[in-house]
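In the UniProt record's numbering, the protein residues as written are 1 to 146.
Every residue gets a Cβ at the ideal spot worked out from N, C-alpha and C, and that includes glycine.
Fair warning: this is a prediction, and the values are worked out from it, not measured in the lab.
Encoded as structure tokens, the structure appears first; notes follow it.
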Amino acid sequence: MKINPKNGIDKLIFGMKQNDVTAIYGKPDRNYKDEDDNVIFAYNKLKMRLTFYVEEEFKLGYIVASSPEMELFGNKIINRKISEVKKDLVAKGITKFTQEEFDTFENYFNEENWIIFQTEFDEVVKFEIGAIINQKDEFDWKFGKK
């Protein structure tokens with residue numbers, strides 16, 4: 001599964017609706033609403049959680065994933081040392097990260113690409129990617145664009 005910065009993961013593209021996603025991946029293993037009434041799809045096999053934002057006509061706006069099959073720029077990221085992952089990203093010009101700590105977890109957030117690497121014990125255990133917000137402070141939906 002290929003991570004496409006600013007666009008999504010694999011065949012998932014930010015701005016898709018729920019029916020677009022189910023047409024590709026089928027019904028989710030779990031389908032529920034979060035505390036903000038956003039719709040959440042969880043796919044066990046894909047190890048992905050998708051968020052469809054209520055205030056954006058239920059468009060796909062956020063993905064949390066932990067599949068070891070995910071690749072970013074041709075490199076696997078899950079279960080790798082964060083220092084190695086960050087070193088791979090330097091070649092792609094991705095160097096700025098804000099670091100936060102929570103118990104044994106650390107998040108490495110790159111705002112330009114709206115990506116988060118969550119680590120535990122210095123290894124990447126989870127990856128998060130969100131739709132980009134443009135200069136007008138609006139989501140830059142990629143789905144349906146040519």
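I need the DSSP call for residue i, collapsed to helix, strand or coil.
i	result
F18	In the sequence as displayed, the identity of residue 18 is Gln instead of Phe. Q18: helix per DSSP, three-state reduction.
E123	strand
K129	The question names Lys, but residue 129 in the sequence shown is Ile. Strand at I129.
Cβ of residue i within 8 angstroms of Cβ of residue j?
i	j	result
V59	K87	The question names Val, yet the displayed sequence has Lys at residue 59. Taking 8 angstroms as the Cβ cut-off, K59 and K87 do not qualify as a contacting pair.
I78	V125	yes
residue 156	I132	Outside the modelled stretch of the chain, which goes from 1 to 146, sits residue 156, for which no answer is possible.
What residues in its chain sit with their C-beta under 6 angstroms from that of residue i, if we drop five residues either side in the sequence?
i	result
I116	N107, F109 and E128
E71	K2
Y32	I40
I24	K11
If you drop the 5 nearest sequence neighbours on each side, which residues of the same chain put their C-beta closer than 7 angstroms to that of residue i?
i	result
N38	T51, F52, Y53 and V54
Can you name, in chain order, every residue of its own chain whose Cβ lies under 8 angstroms from the Cβ of residue i, other than the five neighbours on each side?
i	result
S67	M1, L46, K47, M48 and I78
Could you tell me which whole alpha helix (DSSP H) segments of length 4 or greater appear in the segment 32 to 99? 82 to 90
Is it a yes or a no for the segment 79 to 98 touching the segment 52 to 67, going by three-plus beta-carbon pairs under 8 angstroms? no
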